[in-house]
Structure formats: structure tokens, C-alpha cells
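S.K.: When we follow the working numbering, the leftmost residue of the sequence shown carries the number 7, and every step to the right adds one. Just so it is clear, CB atoms sit at the ideal spot from N, CA and C, and this is done for glycine as well. Treat the numbers as computed from the prediction; the structure is a model and nothing was measured. One structure is given below, represented as C-alpha cells, and several questions about it will come after.
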Amino acid sequence: TKVISVFATVDVRIKFGGSTVTATAADHFFPANIYYDFAINADPQNPITNIAVLRDGTTDGKVYLSEKV
């Protein structure tokens, strides 16, 4: 996968990484109701295999991910 599409129903913080990735309040802000494609680096030394998501407020929501080739 070289592109990940993301859509969230609430504001979230996101971070891409390996199996131990964790999102924090300091990570990339992603606003609600925006559909966006993220190009991910296929660096074999540091492969991106996971995404961590943290809501940016107190309201629960949904995050939709889609892989593109």
C-alpha cells in the first residue's frame, strides 16, 4: 500500500508508524468530515504498518481507512 485514505467523524490526532506507534495530543491534527489521501513511505528500514488515532476532544466518533495501491 502506498496511499491511505482517511475520513473521521470527529477531530482526531493521527500518527503513522510501526507496531508500537501511539498517537498523542502533539501529533498531526486531522479535522472531522475531511476525506484525505496520505502517501506513506515504503522505507524498508522503517515500514509504516499501523496508524494510531486519538480523538481530539471528548466526543466519540469513527475513523474510516481505505488502502489504495
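Per DSSP, what kind of secondary structure is residue 56 in: helix, strand or coil?
M.R.: Residue 56 falls in the strand class under three-state DSSP.
S.K.: Relative to the C-alpha of residue 44, which candidate in 64, 21, 61 has its C-alpha closest?
M.R.: Per the Cα distances, 21.
S.K.: Starting from residue 11, trace the beta strand (DSSP E) both ways and give me its first and last residue.
M.R.: Here the beta strand (DSSP E) through residue 11 covers 9-14.
S.K.: From residue 25 to residue 54, what distance separates their C-alpha atoms?
M.R.: Approximately 9 angstroms, taken between the alpha carbons.
S.K.: Can you name the start and end residues of the beta strand (DSSP E) that residue 40 belongs to?
M.R.: Taken as a continuous stretch (DSSP letters only), residue 40 belongs to no beta strand (DSSP E), as it is neither H nor E.
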